[in-house]
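Here full-length UniProt numbering is used: position 210 in the sequence shown is 210, and no number is missing along the way.
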Amino acid sequence: MADLASRISKPDAATADTPAAADKPIQDDTSDLIKNTYEVEVKLGGAQGDSDNPLSTVSSFEELGLKKSIVEGLLALNFKKPSKIQERALPLLLADPPCSMIAQSQSGTGKTAAFVVTALSRVDFSRTTTPQALALAPSRELARQIETVINQIGQFCEGLKVAAAIPGGLERGAAVEANVVVGTPGTVMDLIRRGQLDVSQLKMLVLDEADNMLDQQGLGEQCVRVRGKLPRDIQILLFSATFPEKVMHYAEKFAPNANQLRLRQVELTVRGISQMYMDCPSENEKYDVLCKLYGLMTIGSSVIFVKTRESANEIHRRMEADGHKVSALHGAFDGQQRDALLDDFRNGKSKVLITTNVMARGIDVSSVSMVINYDIPMKGIRDSEPDAETYLHRIGRTGRFGRVGVSISFVYDRKSFTALSDIANHFGIDLIQLSPDDWTETEDKIHRVIKSQRAQADYKPVSIADDKESS
Ligand code: ADP
Ligand code: MG
Numbered sequence: 001m002a003d004l005a006s007r008i009s010k011p012d013a014a015t016a017d018t019p020a021a022a023d024k025p026i027q028d029d030t031s032d033l034i035k036n037t038y039e040v041e042v043k044l045g046g047a048q049g050d051s052d053n054p055l056s057t058v059s060s061f062e063e064l065g066l067k068k069s070i071v072e073g074l075l076a077l078n079f080k081k082p083s084k085i086q087e088r089a090l091p092l093l094l095a096d097p098p099c100s101m102i103a104q105s106q107s108g109t110g111k112t113a114a115f116v117v118t119a120l121s122r123v124d125f126s127r128t129t130t131p132q133a134l135a136l137a138p139s140r141e142l143a144r145q146i147e148t149v150i151n152q153i154g155q156f157c158e159g160l161k162v163a164a165a166i167p168g169g170l171e172r173g174a175a176v177e178a179n180v181v182v183g184t185p186g187t188v189m190d191l192i193r194r195g196q197l198d199v200s201q202l203k204m205l206v207l208d209e210a211d212n213m214l215d216q217q218g219l220g221e222q223c224v225r226v227r228g229k230l231p232r233d234i235q236i237l238l239f240s241a242t243f244p245e246k247v248m249h250y251a252e253k254f255a256p257n258a259n260q261l262r263l264r265q266v267e268l269t270v271r272g273i274s275q276m277y278m279d280c281p282s283e284n285e286k287y288d289v290l291c292k293l294y295g296l297m298t299i300g301s302s303v304i305f306v307k308t309r310e311s312a313n314e315i316h317r318r319m320e321a322d323g324h325k326v327s328a329l330h331g332a333f334d335g336q337q338r339d340a341l342l343d344d345f346r347n348g349k350s351k352v353l354i355t356t357n358v359m360a361r362g363i364d365v366s367s368v369s370m371v372i373n374y375d376i377p378m379k380g381i382r383d384s385e386p387d388a389e390t391y392l393h394r395i396g397r398t399g400r401f402g403r404v405g406v407s408i409s410f411v412y413d414r415k416s417f418t419a420l421s422d423i424a425n426h427f428g429i430d431l432i433q434l435s436p437d438d439w440t441e442t443e444d445k446i447h448r449v450i451k452s453q454r455a456q457a458d459y460k461p462v463s464i465a466d467d468k469e470s471s
């Protein structure tokens, strides 16, 4: 317990104006994304090492020499300047001859646009039915989201045709006629095997959430199998907020001679997210604490992460019976249901999503201001180890692109307490304690963060992507 205590800010620290931690201002987070105020470790792979200053950074999208149609697409989304990862990665990604890349940057910092712009720059749009770029994602939801971003940024690229290789996303048996394909590895592999997806002209492969894609059982093998079918000299891009050392090894094998943009461990947390924890009296009482939280507060949109589909269903059922309006989304639903559930959440029709790790990664809904870890993420045999990466990705569903948000992790016994403490130590996080015995204070601590978000709304970058979908 002492471990966690050392990571907890003093009980009244949250009453300061900057609830995340007194010494970490959240106000200027947006500009942090734009300015290079923190360091990225850059490792140049292979031939790139001695080329002419591949690191020259740019301060506008125009200066990257992107096609006019792409710049127009970015401007239409109100992307005024590249974020740091975009600024750093794009010159390397667009250089010729193409070089692979392993790129790491915090959640919500615009990794998607970095690889989407690369794909759109490499595709020859006069060949509308020849797949030339392939992006793989670990979930159906993320694949669909990436498809949307490609279509948005590429809205002025005449001839762009995107296909979603997800279950139910394509006509059965027909050849994939598109120049950009985005999908999940299983479906993509099936399409290749059945001869419906011609991979011979692919110039580029992206793995989003690459550490998860390479490490997770099943997914990893599928990715390797897909890779084996592609042209040898293909440009490979691996993107994620996390690359644990263990996975880096596979990543370097999967994308040999890749350039690398990496962050130091302690720079992985997003400053705008105030990370809190709630000391619940017992496992059973976690549910009461949850209801109390929702009874007390009106919070924008929020996501509740639980361990299993069953407990997602169970909490959903109980909360509905208790008069809360919530929805549950997990892998047991069929594709159409999942799409509809997430669409409703995106456009604000539903505000509380109870879900499993299926939604932990990549999902970008800017209105999410609170994430609850109802169960602390665990991994390994019989959930023996805390899953630090999943924690980071889950809480990263809030605090998107410089916005602020709150995460509340529920602990109730020694095991959950130690697990959270280990995660906090791993990333050097200062957690703020909330007490189920003092709801006035709890409400106050949370509201301070959420309010500061409203106060900042004027000068924060607004993502048209979300606004469009919510209309
Ligand atoms: P990541 O993959 O790094 O977690 P995303 O690519 O999902 O982050 O981007 C997070 C949000 O930031 C998205 O809503 C996106 O529209 C927005 N965004 C990305 N790049 C920019 C930019 N240069 N200017 C403004 N908003 C941006
Ligand atoms: Mg992402």
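Glycine included, each C-beta is placed from N, C-alpha and C at the ideal position. Being a predicted model, the structure only gives us computed values, none of them experimental.
- Which class does Q152 belong to by DSSP, given the choice of helix, strand or coil? Here the question's residue 152 lines up with position 152 in the sequence shown. DSSP places Q152 in helix when its eight states are reduced to three.
- Item | Buried or exposed (CB count within 10 angstroms, at least 16 for buried), H249 | Along the sequence shown, one-based indexing puts residue 249 at 249. By the 10 Å Cβ count, H249 comes out exposed.
- Spatial distance of A137 from K286 (CA atoms): As a first step, residue 137 is located in the sequence shown; it is residue number 137 there, counting from the start. As a first step, residue 286 is located in the sequence shown; it is residue number 286 there, counting from the start. Going from the Cα of A137 to the Cα of K286 covers about 33 Å.
- Message: Excluding the 5 residues flanking Q216 on each side, which residues of the same chain have their C-beta closer than 8 Å to its C-beta?
- Response: By 1-based counting over the sequence shown, the position of residue 216 is 216. So the qualifying residues of the chain are P138.
- Looking only at its own chain, which residues have a Cβ that is under 7 Å from the Cβ of V326, when we skip the five neighbours before and after it? Walking along the sequence shown from the start, residue 326 turns up at place 326. H316, M319, E320, V352 and I354, listed in sequence order.
- beta-carbon D211 near the ligand MG non-hydrogen atom, thresh 7 Å: In the sequence shown, residue 211 corresponds to position 211, counting from 1. For the ligand MG, not one heavy atom lies less than 7 Å from the Cβ of D211.
- Contact set for S302: own chain, Cβ-Cβ below 6 Å, skip 5 residues either direction: Here residue 302 is taken as the residue at index 302 of the sequence shown, counted from 1. Cβ neighbours of S302 beyond the five flanking positions: V352 and M370.
- Message: Could you check whether the Cβ of T109 sits closer than 7 Å to any heavy atom belonging to the ligand ADP?
- Response: Locating residue 109 in the sequence shown gives position 109, where the first residue counts as 1. T109 Cβ: within cutoff of the ligand ADP.
- Return the chain-ordered list of same chain residues with a C-beta closer than 7 Å to the C-beta of Q86, the five sequence neighbours on each side being excluded. Counted from its first residue, the sequence shown places residue 86 at position 86. Same-chain partners within the cutoff: G110, A113 and A114.
- Item | Rounded straight-line distance, which links the Cα of L261 to that of K451 | As a working mapping, residue 451 is identified with position 451 in the sequence shown. As a working mapping, residue 261 is identified with position 261 in the sequence shown. Roughly 34 Å between the two C-alpha positions.
- Message: Assuming the contact rule is C-beta atoms closer than 8 Å, N259 and C99 should be a hit. Round their C-beta distance to whole Å, please.
- Response: Counting from 1 along the sequence shown, the entry for residue 259 is found at position 259. Counting from 1 along the sequence shown, the entry for residue 99 is found at position 99. That belief holds up - the Cβ atoms of N259 and C99 are roughly 6 Å apart, short of 8 Å.
- Query: Which residue from E63, L90, L64 and I429 puts its Cα closest to that of V266?
  - Reply: As a position in the sequence shown, residue 266 is number 266, starting the count at 1. It is I429.
- Message: Here's the rule: buried if 16 or more other CB atoms are within 10 angstroms of the residue's CB, otherwise exposed. What is I26?
- Response: One-based indexing of the sequence shown puts residue 26 at position 26. Summary for I26: the model assigns pLDDT 30, below 50, so the residue's position carries little reliability; its value from the coordinates is reported in the next sentence. Classification for I26: buried.
- On the three-state DSSP scale, how would you describe P91? Translated into positions along the sequence shown, residue 91 becomes position 91. Helix at P91.
- Task: Could you spell out where the alpha helix (DSSP H) holding N425 opens and where it closes?
- Result: On the sequence shown, residue 425 is found 425 positions in, with the first residue counted as 1. Per DSSP, N425 belongs to the alpha helix (DSSP H) from R414 to F427.
- Query: Looking at the structure shown, is T390 part of a helix, part of a strand, or coil, going by DSSP?
  - Reply: Indexing the sequence shown from 1 puts residue 390 at position 390. Of the three classes helix, strand and coil, the one that applies to T390 here is helix, per DSSP.
- Message: Relative to the C-alpha of D375, which candidate in V368, N357, P167 and S366 has its C-alpha closest?
- Response: Sequence index remark: in the sequence shown, residue 375 carries index 375 (1-based). The candidate whose alpha carbon is nearest that of D375 is N357.
- Query: Excluding sequence positions up to five away, which residues of its chain have a Cβ less than 7 Å from the Cβ of G399?
  - Reply: To locate residue 399, count along the sequence shown from 1; it is residue 399. Excluding residues within five positions, the ones whose Cβ falls inside 7 Å are G108, V270, G272, I273 and G405.
- CA nearest to the CA of W439, picked from N284, S366, K292 and N151: The residue given as residue 439 occupies position 439 in the sequence shown. For W439, the nearest C-alpha among the options comes from K292.
- Alpha carbon to alpha carbon, how far is L268 from N257? Give it in angstroms, no decimals. Looking up residue 257 in the sequence shown gives position 257. Looking up residue 268 in the sequence shown gives position 268. Approximately 24 Å between the Cα atoms of the pair.
- Message: Within 10 Å of its beta-carbon, does R194 have 16 or more other beta-carbons around it, so buried, or fewer, so exposed?
- Response: Against the sequence shown, residue 194 aligns to sequence position 194. Exposed, since its Cβ has fewer than 16 Cβ neighbours within 10 Å.
- Query: If you draw a straight line from the C-alpha of L263 to the C-alpha of K246, how long is it?
  - Reply: As a position in the sequence shown, residue 263 is number 263, starting the count at 1. As a position in the sequence shown, residue 246 is number 246, starting the count at 1. Straight-line Cα distance between these residues: approximately 16 Å.
- Residues in its own chain within less than 8 Å of F125 by CB, not counting five upstream and five downstream? Taking the first residue of the sequence shown as position 1, residue 125 is located at position 125. Here the set comprises C157, E158, G159, L160 and N179.
- Task: Could you tell me which residues DSSP puts in a beta bridge with E385?
- Result: The residue you call residue 385 lines up with position 385 of the sequence shown. Bridge partners of E385: K379.
- Item | Buried versus exposed, by CB contacts within 10 Å (16 or more), I363 | As a first step, residue 363 is located in the sequence shown; it is residue number 363 there, counting from the start. Classification of I363: buried, given that the 10 Å Cβ count is 16 or more.
- Message: Quick check on DSSP: helix, strand or coil for G183?
- Response: In the sequence shown, counting from the first residue as 1, residue 183 sits at position 183. In the structure shown, G183 sits in a strand (DSSP, three-state: E or B).
- Item | Boundaries of the beta strand (DSSP E) in which V70 is found, first to last residue | Here residue 70 corresponds to residue number 70 of the sequence shown, with the count starting at 1. One detail in the question is off: residue 70 reads as Ile in this sequence, not Val. Unbroken run through I70 is the alpha helix (DSSP H), K68 to A76; no beta strand (DSSP E).
- Message: Please tell me whether, using a cut-off of 7 Å, the distance from the CB of T118 to the nearest non-hydrogen atom of the ligand MG is below it.
- Response: In the sequence shown, residue 118 corresponds to position 118, counting from 1. No - the ligand MG has no heavy atom lying nearer than 7 Å to the Cβ of T118.
- Item | Where S367 falls, given that 16 or more other Cβ within 10 Å makes a residue buried | Here residue 367 is taken as the residue at index 367 of the sequence shown, counted from 1. When all chains shown are included, S367 counts as buried.
- Message: So F417 and M278 are supposed to be a Cβ contact under 8 Å. How far apart are they, rounded?
- Response: In the sequence shown, the residue the question calls residue 417 occupies position 417. In the sequence shown, the residue the question calls residue 278 occupies position 278. With a Cβ gap of about 11 Å, F417 and M278 do not count as contacting.
- Query: Going along the chain, which unbroken runs of the alpha helix (DSSP H) with 4 or more residues stay wholly within the region 198–284?
  - Reply: If only uninterrupted alpha helix (DSSP H) runs of at least 4 residues are considered, those enclosed by the region 198–284 are 210–215, 219–229 and 245–254.
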